[in-house]
Amino acid sequence: MKRSIGSVRPLLLLAGLVWAAAAHAEEVEVRDPWIRHMPGDAPSGGYFQLRNGTDSTVRLVAAESPAFRRVMLHRSGSDEGGSRMEHVDRVDVPAGEEVDFAPGGYHLMLMAPREEVAVGEEVDLTLRFADGREETVSVPVQPPHAQGPK
Ligand SMILES: [Cu+2]
Numbered sequence: 009m010k011r012s013i014g015s016v017r018p019l020l021l022l023a024g025l026v027w028a029a030a031a032h033a034e035e036v037e038v039r040d041p042w043i044r045h046m047p048g049d050a051p052s053g054g055y056f057q058l059r060n061g062t063d064s065t066v067r068l069v070a071a072e073s074p075a076f077r078r079v080m081l082h083r084s085g086s087d088e089g090g091s092r093m094e095h096v097d098r099v100d101v102p103a104g105e106e107v108d109f110a111p112g113g114y115h116l117m118l119m120a121p122r123e124e125v126a127v128g129e130e131v132d133l134t135l136r137f138a139d140g141r142e143e144t145v146s147v148p149v150q151p152p153h154a155q156g157p158k
């Protein structure tokens with residue numbers, strides 16, 4: 009009797025791992041998030057890669073953080089007048105694709121910190137999608153000169 013239990017358990021474990029891998033493939037992933045922290049009242053930038061592992065487009069519509077009163081979706085670009093940024097209502101990520109939120113392109117604008125946010129801390133960030141999906145990640149706060157998550 010003991011022997012059969014011993015052989016069943018690894019099988020269950022394996023089934024669990026296969027299930028976890030399959031479930032993972034259908035997820036929306038937020039990779040390498042980081043915040044470029046600006047001192048004082050200046051807004052900080054939020055960056056990450058958004059990977060859509062589902063088989064339909066996901067639409068990012070909002071973001072929030074307990075550390076900031078206001079978080080907006082922005083896109084930086086340039087025209088003849090130089091660089092500028094604009095507010096966007098949504099960012100679509102097609103099935104199986106990835107969209108970069110990075111300096112010079114899409115980014116989160118994190119405004120009105122609730123309390124002093126310090127470089128080296130991590131703050132929670134929640135991304136909200138049109139289908140009701142939400143993803144919360146812990147995000148390292150980096151200094152103004154940082155170019156990436158580390
Ligand atoms: Cu901005």
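Positions 9 to 158 (this note's numbering) are the ones given, in order, by the sequence shown.
All residues carry an ideal CB built from backbone N, CA and C; glycine is no exception.
- Non-local C-beta neighbours of D108 in its own chain, meaning closer than 6 Å and more than five positions away in sequence, comprise Q57, ordered along the chain.
- Residue range E130 to F137 is occupied by the beta strand (DSSP E) that includes T134.
- Between V38 and E143, the C-beta spacing is below 8 Å.
- Under the DSSP definition of a beta bridge, S73 partners with F76.
- H95: member of the beta strand (DSSP E) spanning G90 to H95, first to last residue.
- Taking 7 Å as the cut-off, the C-beta of H45 does not count as close to any heavy atom of ligand 1.
- Cα atoms of V127 and P47: separation of roughly 10 Å, rounded to the nearest angstrom.
- Placement of the Cβ of M119 at a distance of 7 Å or more from every heavy atom of ligand 1 is found.
- For M80, the closest of E123, G104 and H115 by C-alpha to C-alpha distance is H115.
- Each residue's CA atom was taken as its position, placing R141 and L118 some 21 Å apart.
- With respect to V145, L133 sits close: the two C-beta atoms are nearer than 8 Å.
- Between T62 and E34, the C-beta gap is smaller than 8 Å, which places the two residues in contact.
- Within the model, the alpha-carbon separation for N60 versus S86 is close to 27 Å.
- Distance from the CA atom of P74 to the CA atom of D40, rounded to whole angstroms, is 19 Å.
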